[in-house]
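Chemist: Residue 393 in the UniProt record's numbering is what sits at position 393 of the sequence shown, and the numbering runs on without skipping anything.
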Amino acid sequence: MSGLPKIHQIRVAEAAIDELTAKEEVLRKEFMEDGLDKEEKERLDSIKTNINMLKAKVTKLRKELERNKARWENKAKQWAQYKVRAGKLLDSEHPGAEKAVRLEVDIAEAEAMEHWADATMLLATAEKETAADWKHYELHFPPSQIYGPLAGDFNKRRNAADAAENLTDAQARTILRLAEREYDAKKAAEAFDYVKAYDLIAAITEELRVVETELGMAPAANLSGRNWFQSNQAKYPNSKKIGDLEGSFKTDVTAFKKALEDAGVKVKIGSTLRDTKRAALMHYAWTVGYKEIKPSDVPTISGVDINYDHGADELSVGKALEMVRCFNIVHRPSLKSNHTRGTAIDWTLSWSGDLTIKNKAGEDVEITSSPKSGQNTDLHTVGDGYGVKKLKKDPPHWSHDGN
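#1: To the nearest angstrom, report how far apart Arg62 and Lys135 are at their CA atoms.
#2: Spatial neighbours of Thr120 within its chain, please: CB distance less than 8 Å, with the 5 preceding and 5 following residues excluded, ordered by chain position.
#3: Taking just the CA atoms, how far does Val324 sit from His283?
#4: What number of angstroms, rounded off, separates the C-alpha of Ile329 from the C-alpha of Glu322?
#5: Between which two residues does the alpha helix (DSSP H) containing Ser248 stretch?
#6: Using only the alpha-carbon positions, how far apart do Glu19 and Ile47 sit?
#7: Can you name, in chain order, every residue of its own chain whose Cβ lies under 7 Å from the Cβ of Ile204, other than the five neighbours on each side?
#8: Which runs of the beta strand (DSSP E) fall wholly inside the UniProt region "Disordered" (366-403) and span at least 3 residues, in chain order?
#9: Measuring straight from C-alpha to C-alpha, what distance separates Thr287 and Val211?
#10: Throw me the rounded Cβ distance for the Ile301 and Leu281 pair, which I believe falls under 8 Å.
#11: Mapping the DSSP letters down to three states, classify Asn307 as helix, strand or coil.
#12: Does Thr276 come out as helix, strand or coil in the three-state DSSP assignment?
#13: Can you give the Cα-Cα distance for Glu24 and Glu64, rounded to whole angstroms?
#14: Quick check on Ala163: does DSSP put it in helix, strand or coil?
#15: Taking Ala344 as part of the beta strand (DSSP E), name the residues at either end of that continuous run.
#16: Closest to Ser224 by C-alpha separation, out of His310, Glu114, Lys57, Lys235, would be which residue?
#17: Roughly how many angstroms lie between the CA atoms of Met1 and Gln9, to the nearest whole one?
#18: Would you report the Cα separation of His339 and Ala185, rounded to the nearest angstrom?
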């Protein structure tokens, strides 16, 4: 019975208790008619002992079951994340989707049957077995979502250019060469190498735009996408200066940075104060790309000439995701955030060996744990003391409140 899940062991034991209790009552009535002799008393005592042993076992099993349930409930966030990941693998028709979903079903069945220990063990197994698939998915998303609409747009525009009355022989040869490269992109997509497929389709679309411009039929320059990003994003730069941060946070970051560098930590600042126009560009690239709003519903961004509406929703979404990738966005950007308020900093921190750093009180703190980067939780504790708090899910991001 020990190989059964705890809930089954409890049910088996409780059934045995009921059976022995009924047997005890029958025997007691039978024996009492003539009076108990020594043998009959020993028999009843033996049954009673077995009942008590089983009750003690049930009590122990229930405590173990509650502990297992508590451990499983602590995995709720992890379990929810796994289900989301499995769903994304399935939606993208990723080769690893079948395995991920099968494991998800096994975990759900264990949970439904109250096999908490099994569910916990299965979740750990599932995460380990699908880790490589998930890394592959993260690398290839959003390229996997961008490739299709961009390929469709390329072919539509290529056919239109090829049919232009003023097309020269040289331009026709260029279009033919681009069509051959589009076939290479298609083969890469069929092999689930969406990064290569996207890079190819983006490159030949840019080359096609040169021909379209010569023919006087290039798309509007303010349409969103990689071309807009490359031509315009530099107009709306983020600051990399600590001096541009809000007063008290600037003081905190300056002190923490000095402690880091004095300890030998390499500090590379990515951004501090975010341009509000850039924040809006990133926000709407994300919300259109992930279908939170329609492309036609994007409001005018003051001082920015951009149009997220390409006339076809699928293409608009693909182009918005293209900008998500160009901006290297990992989490949904807000229109107003700690970055736009000057109370956040993105920086990369790294060191080798053990680290001895002074905390806010001037005391030495030795950090021997890993990783040797800004993701180190012991370093987060030191940062907290300085008023510079880590957002753990966003590797370079630190702020005044951890958001």
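Here a beta-carbon is modelled for each residue, glycine too, at the ideal position from N, C-alpha and C. All values reported here derive from a predicted model rather than from experimental measurement.
Modeler: In short, the structure shows the following:
#1: Here residue 62 corresponds to residue number 62 of the sequence shown, with the count starting at 1. Here residue 135 corresponds to residue number 135 of the sequence shown, with the count starting at 1. Those two C-alpha atoms are separated by around 39 Å.
#2: Translated into positions along the sequence shown, residue 120 becomes position 120. Correct list, in chain order: Asn68, Arg71, Trp72, Lys75.
#3: What you label residue 283 is simply residue 283 of the sequence shown in a count that begins at 1. What you label residue 324 is simply residue 324 of the sequence shown in a count that begins at 1. Spanning the two alpha carbons is a distance of roughly 9 Å.
#4: In the sequence shown, counting from the first residue as 1, residue 329 sits at position 329. In the sequence shown, counting from the first residue as 1, residue 322 sits at position 322. Straight-line Cα distance between these residues: approximately 11 Å.
#5: Start at 1 with the first residue of the sequence shown, and residue 248 comes out as number 248. Element bounds for Ser248: 247-262.
#6: As a position in the sequence shown, residue 19 is number 19, starting the count at 1. As a position in the sequence shown, residue 47 is number 47, starting the count at 1. So the two alpha carbons sit approximately 10 Å from each other.
#7: In the sequence shown, the residue the question calls residue 204 occupies position 204. The residues are Phe154, Leu178, Arg181, Glu182.
#8: 397-399
#9: Taking the sequence shown and counting its residues from 1, one reaches residue 287 at position 287. Taking the sequence shown and counting its residues from 1, one reaches residue 211 at position 211. Cα to Cα, Thr287 sits roughly 32 Å from Val211.
#10: As a working mapping, residue 301 is identified with position 301 in the sequence shown. As a working mapping, residue 281 is identified with position 281 in the sequence shown. Confirmed, about 7 Å.
#11: The sequence position of residue 307 within the sequence shown is 307, counting from 1. Residue state, collapsed to three classes: strand.
#12: By 1-based counting over the sequence shown, the position of residue 276 is 276. Thr276 falls in the helix class under three-state DSSP.
#13: The sequence position of residue 24 within the sequence shown is 24, counting from 1. The sequence position of residue 64 within the sequence shown is 64, counting from 1. Distance between the alpha carbons of Glu24 and Glu64: 29 Å.
#14: Translated into positions along the sequence shown, residue 163 becomes position 163. Coil.
#15: Residue numbering aside, residue 344 sits at position 344 when the sequence shown is read from its first letter. Note, Ala344: beta strand (DSSP E), 344-350.
#16: Counting from 1 along the sequence shown, the entry for residue 224 is found at position 224. For Ser224, the nearest C-alpha among the options comes from His310.
#17: In the sequence shown, the residue the question calls residue 1 occupies position 1. In the sequence shown, the residue the question calls residue 9 occupies position 9. Any reading at Met1 needs caution, since the residue's pLDDT is 47, under 50, leaving its predicted position unreliable; the model's value is listed next. Each residue's alpha carbon lies about 6 Å from the other.
#18: For the purposes of this step, residue 339 is taken as the residue at position 339 of the sequence shown. For the purposes of this step, residue 185 is taken as the residue at position 185 of the sequence shown. Taking the straight line from one Cα to the other gives about 38 Å.
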